[in-house]
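Read in order, the letters of the sequence shown are residues 2 to 157 in the working numbering.
Even for Gly, the Cβ is constructed at its ideal location relative to N, Cα and C.
All of these numbers come straight from a predicted model, not from anything done at the bench.
A short write-up of the structure that comes next.
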Amino acid sequence: MSKKIRVAVLFGGKSNEHSISVASAGGVIGAIDSSKYEVIPVGITKEGEFVPYEVDPKKLALAEGLKTVNSKGETIRFALDGSREIFEVDKAGKQSSLGVIDVVFPVLHGKFGEDGTIQGYLELAGIPYVGNGVLASSVAMDKEFSKTLFKAAGIP
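Right, here's the structure in full:
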């Protein structure tokens with residue numbers, strides 16, 4: 002049997018769509034085939050802190066009410082050296098490796114999630130991710146600039 006692909010799912014974030022992102026993550030995590038993929042859930046608080054998140058996808062559904070990501074003192078840190086290593090840092094500052102991740106699946110909405118910010122961070126860290134790159138994400142979030150590009154390309 003081959004090794005499972007390790008997927009870090011990012012959700013929450015600093016946008017006003019924080020709770021919707023958490024609910025979306027429940028759907029994504031619940032749909033990932035656990036026989037092929039190992040999911041590492043990483044919540045982002047409304048303050049922008051990356052934190053470990055124990056998750057039962059069913060409890061993140063909108064029917065269960067809106068959820069938020071809160072810090073319990075531990076944080077998550079991605080290595081920025083291209084190694085794709087992920088660490089948990091405890092309240093005392095002690096860092097423990099959670100191993101190497103293969104890909105990040107951002108499930109973030111709005112500013113700091115769909116605007117190219119997280120994509121740029123992941124590119125800086127050398128971590129592959131699902132979805133559009135920095136430029137496409139940034140342009141798509143700027144509606145006025147998008148309209149200008151469409152007009153220049155002859156798209157009404």
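Taken in chain order, the complete alpha helix (DSSP H) segments of 4 or more residues contained in the region 2-41 are 19-32. Cβ-Cβ distances below 6 Å link P42 to V10, Y54, V56 in the same chain, with the five nearest sequence neighbours on each side left out; the list follows chain order. According to DSSP, T76 shares a beta bridge with V90. In this structure V135 touches G117 by the C-beta definition: roughly 4 Å separates them, less than 8 Å.
With respect to Y130, V90 sits apart: the two C-beta atoms are not nearer than 9 Å. Counting the other CB atoms within 10 Å of its CB gives I30 a total of 16 or more, which places it among the buried residues. When the five nearest sequence neighbours on each side are left out, the beta carbons in the same chain lying within less than 7 Å of the beta carbon of F79 are those of I87, A126, I128, in order along the chain. Within a 10 Å sphere around the beta-carbon of E115 sit 16 or more other beta-carbons, which makes this residue buried. Collapsing the DSSP output to three states places G44 in a strand. With a contact defined as Cβ atoms closer than 8 Å, I45 and G13 qualify at about 4 Å. Here the C-alpha atom of G155 lies approximately 33 Å from the C-alpha atom of S16. Counted as a single uninterrupted DSSP element, the stretch harbouring G100 is not any alpha helix (DSSP H) but the beta strand (DSSP E) occupying residues 96-101.
Closest in alpha carbon position to M142, among T69, F113, G28, is F113. Y54 carries a coil assignment under DSSP once its states are collapsed to helix, strand and coil. Taking C-beta separations shorter than 6 Å and ignoring five residues to either side along the sequence, the partners of G49 in its chain run K15, following chain order.
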